[in-house]
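Visitor:
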Amino acid sequence: MNTAWSVEFSRLLITLVSTVIFGLVSGYWTVSVVIHSCLYIGWNVIQLRSFERWIRNGAPSSSAPDASGIWELIVQHIYRSQKSNKDRKKHLSKLASHYHAVMSALPDATVVLNENLEIEWANKTSQDLLGVKPNSDVGHKLSNIVRDGAMLALLDSRDVKDEVEIPSPVDQLKTLMVTKIQYGEDKTLLTARDISQRIALQKLRKAFIANASHELRTPLTVISGYLEMLDGDEELPPSMSKIVNNAHVQALRMDQILNDLLILSKLEEKGYSEDRGDTVDVPVMLKSLVSDFQKTKTKAKGTHEIKLTVQDDLLVKVVEAEFYSLCQNLLSNAVKYSPEGAVIKVCWSLSDDGNACLKVVDNGEGIAREHLSRLTERFFRANVNRTRKVNGTGLGLSIVKHIMENYGGYLDIQSELTIGSTFTACFPGYRTQVIESKKTQQAIPPL
Ligand code: ADP
């Protein structure tokens, strides 16, 4: 037992002994008990009062009550816990100021928003990039300061993480990548990074590719022309004729690459547009495309069988030439990467979620799983050893992906080595049109 409790028990014992002695000597037991109880309780009430006053004044260590016994112990406990609280507070405020210093030094603008999307905290860079003043704008809605449409949509979006590119409200020449992350309960963290330099470099790269492709075309056309002329010359010795033929094939391949690169840079330049294009009668176009393929197939001694299933009443709003290029790329790939005699299924129909989808299914060589995510990269060719034997530029799927992006659609690729591949290009519902008068009686069977 510690000393404080010993003191307290001794005090209680003295009170009891004194009560008994007074009772024995005077014979007034009740009076003795009442008097001694009052003395003991009264003393404790006085201690309690000074203790309460001390606590009310913030329990300063300089004016701790001059108590003894159990009251001295309580005062000591409170004093100690207060001291450790103070130390913890000091440590926390040190941590907080360190954290603020780090956040303020970040090169990205960082803004914390509360559940009403009002600014709770912002770092210094926020002023330079977003025009949010770290002190005076606290409590204001961010949407009143940054009025860009994409930014407002980002703030409204319910996604936990989302990002948009916007021009800086401070300097329209700067482009910002704004990322929104939701955390805790209804808190939002916004970061904005200046990506102007990256955008400028991308533009430079695109312009270089477009210019180089354009400039190379004219000399290449001349070279191809001469090679074509020589290729058919029967007077050439057989050894030369083989070389010329090889050179001619390679010149034609180069021409195809330049052609594809120019198509790609035009697609990139156009970018996404909600209302580009005219209504295209896809069923009619697909039928003619497949029939063209069947014709060339007989010429090339190919024996692929193409099965076409179309929803006759389903049209889509696109630029016809781009849609044609998309179909041709997917169909020619299916033919190129399937063995003779393979069956290729082409289906045009409305999906369950209202998108118009073109599906090209083959049972050809398939693509290894690790290559799937890279197929739409420029010049990427899967299964390199086998693919090299097949004519191609490695740009076809890149073109298809860009076309789909420009129309707000997507390209889905499913494939398994040696089993076959399914390429699905889907256009968003708002681009589709179902013509009642053309409605077919037959339902489209699943592929
Ligand atoms: P390429 O001109 O080489 O065909 P693409 O961009 O059209 O270029 O296709 C990229 C690569 O994807 C091809 O080289 C090929 O390896 C693979 N690929 C595309 N379509 C198919 C398919 N239907 N079956 C198997 N592999 C395919």
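Each number in the numbering used here corresponds to the 1-based position in the sequence shown with 1312 added.
The beta carbon of each residue, even a glycine, is placed where N, CA and C say it ideally should be.
All values derive from a computational prediction rather than experimental measurement.
Does the contact criterion of 3 or more C-beta pairs under 8 angstroms hold for the stretch 1583 to 1591 versus the stretch 1521 to 1541?
Guide: no
Visitor: Within the chosen definition, does the stretch 1539 to 1551 reach the stretch 1491 to 1510 through at least 3 CB pairs nearer than 8 angstroms?
Guide: At 8 angstroms Cβ cutoff, the stretches do not touch.
Visitor: Among residues of its own chain, excluding the 5 on either side of Lys1445, which ones have a beta-carbon nearer than 6 angstroms to its beta-carbon?
Guide: Sequence-distant partners of Lys1445 (beyond 5 residues in either direction) whose C-beta falls short of 6 angstroms from its own C-beta, in its chain, are Gln1439.
Visitor: Reducing DSSP to helix, strand and coil, say where Glu1728 ends up.
Guide: strand
Visitor: If I measure Cβ to Cβ from Tyr1649 and keep anything under 6 angstroms in the same chain, skipping five residues before and after, which residues do I get?
Guide: Gly1676 and Glu1677
Visitor: Does the structure place the stretch 1556 to 1568 close enough to the stretch 1626 to 1634 that three or more beta carbon pairs sit under 8 angstroms?
Guide: no
Visitor: Using 8 angstroms for Cβ pairs, my map puts Thr1487 next to Ser1508. What's the rounded Cβ distance?
Guide: 5 angstroms
Visitor: What do you reckon, is the C-beta of Phe1605 under 7 angstroms from a heavy atom of the ligand ADP?
Guide: no
Visitor: When we look at the beta-carbon of Asp1572 and count the other beta-carbons within 10 Å, is it buried (16 or more) or exposed?
Guide: buried
Visitor: How is Asp1572 classed by DSSP in three states: helix, strand or coil?
Guide: DSSP places Asp1572 within a helical segment (H, G or I) once states are collapsed to three.
Visitor: Counting pairs of Cβ atoms below 8 angstroms between the stretch 1720 to 1728 and the stretch 1684 to 1694, do you hit three or more?
Guide: yes
Visitor: Between which residues of its own chain and Gln1640 is the CB-CB distance below 8 angstroms, once the five residues before and five after are set aside?
Guide: Here the set comprises Leu1601.
Visitor: Since Lys1619 sits in a beta bridge, which residues does DSSP pair it with?
Guide: Lys1657
Visitor: What does a CB cutoff of less than 6 angstroms around Trp1341 pick up in its chain, not counting 5 residues either side in sequence?
Guide: Gly1335
Visitor: Cutting at 7 angstroms between CB atoms, please list the residues of its own chain near Pro1651, excluding the five before and the five after it.
Guide: Gly1676
Visitor: Which residues in the same chain have their Cβ closer than 6 angstroms to the Cβ of Thr1437, if we skip the five residues on either side of it in sequence?
Guide: Closer than 6 angstroms at the Cβ level, and outside the excluded window around Thr1437, lie Ala1421.
Visitor: Within a Cβ cutoff of 8 angstroms, which residues of the same chain sit near Lys1611, ignoring the five residues on either side of it in sequence?
Guide: Low per-residue confidence applies at Lys1611: pLDDT is 49, beneath 50, and the placement is therefore not dependable, though the value from the model is reported in the following sentence. Once the five neighbours on either side are set aside, Lys1611 has no close Cβ partner at all.
Visitor: Is the stretch 1739 to 1750 in contact with the stretch 1663 to 1673, if contact means three or more CB pairs nearer than 8 angstroms?
Guide: yes
Visitor: Exposed or buried, what is Leu1485 when buried is set at 16 or more other beta-carbons lying within 10 Å of its beta-carbon?
Guide: By the neighbour-count criterion, in which 16 or more other beta carbons inside 10 Å mark a residue as buried, Leu1485 falls on the exposed side.
Visitor: Compute the minimum distance between the beta carbon of Ser1710 and the heavy atoms of the ligand ADP, and state whether it is under 7 angstroms.
Guide: yes
Visitor: Let me check you understand the geometry: is the CB of Leu1528 closer than 7 angstroms to at least one non-hydrogen atom of the ligand ADP?
Guide: no
Visitor: Count the other CB atoms within 10 Å of the CB of Asn1397; is the residue buried (16 or more) or exposed (fewer)?
Guide: exposed
Visitor: Do Asn1718 and Leu1579 have their C-beta atoms closer together than 8 angstroms?
Guide: yes
Visitor: Put Val1672 into one of helix, strand or coil per three-state DSSP.
Guide: strand
Visitor: Return the CA-CA distance between His1410 and Val1424, expressed in angstroms with no decimal places.
Guide: So the two alpha carbons sit approximately 17 angstroms from each other.
Visitor: Would the C-beta of Lys1648 count as close to the ligand ADP, meaning under 7 angstroms from any of its heavy atoms?
Guide: Within the cutoff, so yes.
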